[in-house]
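Visitor: Take this structure, written in C-alpha cells, and hold onto it; I'll ask about it next.
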Amino acid sequence: MAETSLLFSKIVATPTPTAWSQAYSAGRLFAAISLQTGTIPEAGGEHLNALGKDLISTLESEFFTLETKDLESIKQAINTTIARVKEGIKISFIVCYLNDNVLYLFATGGGKAILKRGDKIGTVLQVEESAEVKSASGYVQEGDIIVLQTKPFQRIISSSTLASSLDSDSPEEIAETLAPHVHDKAEGGASSVILIYKKGELQDIPPVSLASNGKTTDEQSQEASEIGKSEGGVIPVVDIDDDDAEVKEGENVEEPEISPLNQETKAPEETPEPIINNDNGDESEERTKLPSETAFSSPFLTDQVPKKRKMSMTFSLGFLKKLPGGLPRRLSHSRKIILTVAIVLAVLIATTSFLAIKNKGSSSNKALFAGIYEEAKTKFDEGQNLKDLNTALAQESFREAKRILESNHDKFKKGSEEEVQISALLGNINNELSQVSNGETVTVKEVESSASDLLSYEINNSKASYFTENDDKVFFLDGTGVSEIDKGNDKKTQVIKKDWEEDGGIGLFGANVYVLDKKDGILKLVPSGSTYSKSNYFPSEAPDLADAQAMGIDGSVFILFKNGTIDKYTKGKKDTFSISGLEKPLSSPTRIFTNEDVDNIYLLDNGNSRIVVIDKTGKFISAYSGATIKNSKDLDIDEGGKKAYILSGEKVYQIDLK
C-alpha cells in the first residue's frame, strides 16, 4: 500500500460578539465551523466561543470513539454534535475525513467543499442553509486540492478569487493569498481548511491476479458501494472559465476526466479508478490503461514449466542395498561420482527444504507482526494527535495501543527484530501515559491573596480546618462548631455549636450546610429562621469515614479518602464510582473541589505534587504538576477563568488550566 500524507493550512476570521469560527484538524479529520447569532450575548450568558469549543469537544468524543468509521457512523456523530447548538444560533459546518485515499465529506448550514484536480476545479459538496447534514464520498488522487468553506467564508471569497489562488500547490501560499481578504471584512464566521493529498512511493511487489484479492465479488461490491455515495448538492469537477469562475447550479458542465467506480472485478488488462459521483449518477468514462498482465506468475520454478515438459527431481540410492556388508573399501571411479552426486543432491534438497520451511515460518511471522504493529502504531499516532486537544481521548488511544502490544508480545522470540520493535514502541507508549498521568509541569506563580476569596479568608482564620463558600458567605469548621463570615462586611458569627466528634469536611448545596464527622457520618444542617435544624444525611447506618480527608457536593456527595479512593453518595445512598484512566494513582491527597457550577472534580494530590482533574464519572482528564503543590493546604478553582489557586505557606499561588 502506498503511504499517504496530507499538507494543510487553515484560515480563521477574527471573532466578533455575534460571530465565531474555527478551523479544526486532528489526525485525518478536518472541519471548518462557524456560529452566528442575531444578538450580542448578555453578561453572564454563554458566549459563542464557549459553545464552539463544546461542539469541537463533542465531535472529538463522538468521532474518535467510533469502532467503524463510514458514511453512516460519521454522519451520526456529526448529527449528535450539531444537536447541541441552541435555538437562535446559526451554524455552518463542513467536515472531511480521509481514510487512505478515500474522502468522506459532510456539510450542513451552507457548508461547501471544492476540489481541484489538475486544471479542473469544481464543487463536490454544497448544501443550503438548513440543519440537514448532507454527505458525499469518493477517491482522491495525487495532488488533489480540497478546500472546506463555511457559508460566511463563501460570502467573502468569490469563486474567481479562490480559483486563482489554487494555482499554487502549497497550502500555506494559498492561505497567505486568501487570508487578507478574510481579515479585511468584519465577518467573524469565516473559516476554511485547505488540504493537498500526497502519495508516497509504491513498493515493488510481484504481479498477482486482480481477481485473487481474497474477497468475493459480493464483498468487493459491498466495499465499493461505500465509495462514491453522495447526497444533495454534489457537482462534477469541471473547468472554470476565466471570465466566469463560479460553477452555477443547474448549468451543463464538462464531465471530469476521472474514472468511474465499478463494483465488479474486471479483467486485468485495465483497472478502472473510482470517481466522486454526483446525485444525478453522472460520471466520466475515461480510464487509465495499465500494461496487460499475463496469467498468474508463480514464484516456484516447477509451476512455470509446462506440465508435459516437467522433469522428475527424484533419485534412488537403492543400489547401496546391493553392496554386501555396506560400502566396500574401494569403489569404482564411476560409482564414486554417482555417490558424490547423490550426497550433494541429498544435502542440497535437505538444505532447500529447511530454508523453505524457515522462510515460510518467517513470512508468516512477518505478516503477523505487521498486522499487530501497524494497528498499535495507528492507535499510538492517534493519541499523539489528540494529547494537546483532548487528554482523556489521547489516554484511551495510548492504552488501547498498549493492550494490543502486551497481548501479543509473547508471540515473538525474545531478542528478535520484531520483539525489539514491539518493546521500543511499548516503551514510547508507557512514556506518553506516564507523562500525561504525572501531569504537565506548569508555572506556579505567587499572586495577591485577594485573587481567591476563599483562600484569603483561610489565611485570616488559620486555626480553622475546612472551608467552603457561596456568593455571599464563607463557612468554616474551627473545632468549636460552624462559623460564617459575611463577605459584605466581614462579620464573623458562629451559627452552629459543635456536638459531633471529629471534623472531616464541610460543604454547601443550596442553603444547606453539610458537616462530615469522621466518627458518626454526615450531618445535614437546614436553615430555619436564624438557626439550623439538624438531621443525618445517611438514612441508615453511616459508612466508615475514619480515613476521610475532605468532601465536595454538587447534589451528590463526593468523599475523598486518604488512600486516594472516592465514594459517591446521592440522597444518602452509595453510587458506583471509581477513578479510571489515571496511570499513576493518587498519593496522600488532602482536598477535593467540586460543586454544581463546575463540570469536573479537582483533587489536591500532595504526594505526587500535582492537581488531578477527573470528570464526574471518574474518568481522568488531565493533571498539572509543580513543586509548590506538595505542601499546599487547600485549593480553589475558577473553571470559567481557567485558573487554579492553591494555599501554601500562607501564600496564594496561581496555576493556569487548559
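The sequence shown begins at 1027 in this note's numbering and counts up by one.
Beta carbons: idealized from backbone N, C-alpha and C, even for Gly.
1. According to DSSP, Gly1531 sits in a beta bridge with which residue or residues?
2. Let me confirm a value: Asp1148 is counted as buried when at least 16 other C-beta atoms fall within 10 Å, else exposed. Which label applies?
3. Return the bridge partner residues of Tyr1690 from the DSSP annotation.
4. Which residue from Tyr1679, Gly1114, Thr1094, Phe1119 puts its Cα closest to that of Asn1105?
5. Output the distance between the C-alpha atoms of Pro1043 and Lys1116, rounded to the nearest integer angstrom.
6. For the alpha helix (DSSP H) containing Arg1181, name the first residue and the last one.
7. Return helix, strand or coil for Thr1107, following the three-state DSSP convention.
8. Given this structure, state the Cα-to-Cα distance separating Gly1644 from Ala1396, to the nearest angstrom.
9. By DSSP, does Gln1167 sit in helix, in strand, or in coil?
10. Taking Cβ to Cβ, would you say Gly1215 is nearer than 8 Å to Leu1085?
11. Give the range of the beta strand (DSSP E) segment to which Glu1495 is assigned.
12. According to DSSP, which residues form a beta bridge with Glu1466?
13. Can you tell me where the beta strand (DSSP E) holding Gly1148 begins and where it ends?
14. State yes or no: is the C-beta of Val1508 within less than 8 Å of the C-beta of Asp1682?
15. Could you give the DSSP three-state label for Glu1510: helix, strand or coil?
16. Could you round the C-beta distance between Ser1614 and Gly1633 to whole angstroms and report it? I think they count as a contact, below 8 Å.
17. With a cut-off of 8 Å, do at least 3 Cβ pairs link the stretch 1573 to 1581 to the stretch 1519 to 1531?
18. Identify, in the order they occur along the chain, each residue of the same chain with its Cβ nearer than 6 Å to the Cβ of Ala1057, setting aside the five sequence neighbours on each side.
19. What residue range does the alpha helix (DSSP H) around Glu1198 cover?
20. By Cβ distance, which residues of its chain are closer than 8 Å to Phe1564, with the 5 residues on each side in sequence left out?
21. Does the pairing of the stretch 1405 to 1420 with the stretch 1358 to 1375 give three or more beta-carbon distances under 8 Å?
22. Quick one, are the C-beta atoms of Ile1618 and Gly1578 less than 8 Å apart?
23. Where Ser1423 and Ala1212 are concerned, what is the direct C-alpha to C-alpha distance, given to the nearest angstrom?
24. With a cut-off of 8 Å on the beta carbons, I'd call Leu1673 and Lys1659 a contact; round off their distance for me.
25. Using the C-alpha atoms, what's the distance from Leu1381 back to Ala1372?
26. Bridge partners of Lys1050, per DSSP?
27. Report the option in Ala1133, Leu1074, Leu1608 whose CA atom is closest to the CA atom of Thr1591.
28. Using beta-carbon positions only, say whether Val1521 and Tyr1558 come within less than 8 Å of one another.
29. Indicate the three-state DSSP secondary structure (helix, strand or coil) for Gly1633 in the structure shown.
30. Nearest-angstrom Cα distance between Pro1197 and Asp1170?
31. Is the stretch 1486 to 1501 in contact with the stretch 1509 to 1518, if contact means three or more CB pairs nearer than 8 Å?
32. Which residues bound the alpha helix (DSSP H) around Thr1417?
33. Let me know the beta strand (DSSP E) ranges lying completely inside the stretch 1583 to 1633, each 3 residues or longer, listed in chain order.
34. So Phe1089 is in the alpha helix (DSSP H); what residue range does that whole segment cover?
35. Measuring CA to CA, which of Lys1146, Val1166, Lys1138, Glu1168 is closest to Val1159?
36. Assuming Ser1217 contacts Ser1047 under a Cβ cut-off of 8 Å, what Cβ separation, rounded to an integer in Å, is found between them?
Guide: Inspection of the coordinates gives the following:
1. Leu1542
2. Contrary to the premise, residue 1148 reads as Gly rather than Asp in this sequence. So Gly1148 ends up on the buried side.
3. Here the chain has residues from 1027 to 1684 only, and residue 1690 is not among them.
4. Phe1119
5. 14 Å
6. 1177 to 1182
7. helix
8. 36 Å
9. coil
10. no
11. 1492 to 1495
12. Tyr1650
13. 1146 to 1152
14. No; because the gap between Cβ atoms is not below 8 Å, this pair is not in contact.
15. Glu1510: strand per DSSP, three-state reduction.
16. Confirmed, about 4 Å.
17. Below 8 Å, enough C-beta pairs join the stretch 1573 to 1581 and the stretch 1519 to 1531 to call them touching: three or more.
18. Answer for Ala1057: Tyr1050, Val1121, listed in chain order.
19. 1197 to 1209
20. Gly1547, Ile1548, Tyr1595, Gly1598
21. By the criterion of at least three beta-carbon pairs nearer than 8 Å, the stretch 1405 to 1420 is not in contact with the stretch 1358 to 1375.
22. yes
23. So the alpha carbons of these two residues sit roughly 40 Å apart.
24. 5 Å
25. 14 Å
26. It should be noted that the sequence gives Tyr, not Lys, for residue 1050. Tyr1050 has Ala1057 as its beta-bridge partners, per DSSP.
27. Leu1608
28. yes
29. In the three-state reduction of the DSSP assignment, Gly1633 falls in the helix class.
30. 12 Å
31. Segments in contact, yes.
32. Looking at the DSSP string, the run of the alpha helix (DSSP H) that includes Thr1417 is 1417 to 1434.
33. 1583 to 1587, 1592 to 1596, 1599 to 1601, 1617 to 1619, 1626 to 1631
34. Run containing Phe1089: 1074 to 1090, per the alpha helix (DSSP H) assignment.
35. Of the candidates Lys1146, Val1166, Lys1138, Glu1168, the one whose C-alpha sits nearest the C-alpha of Val1159 is Lys1138.
36. 4 Å
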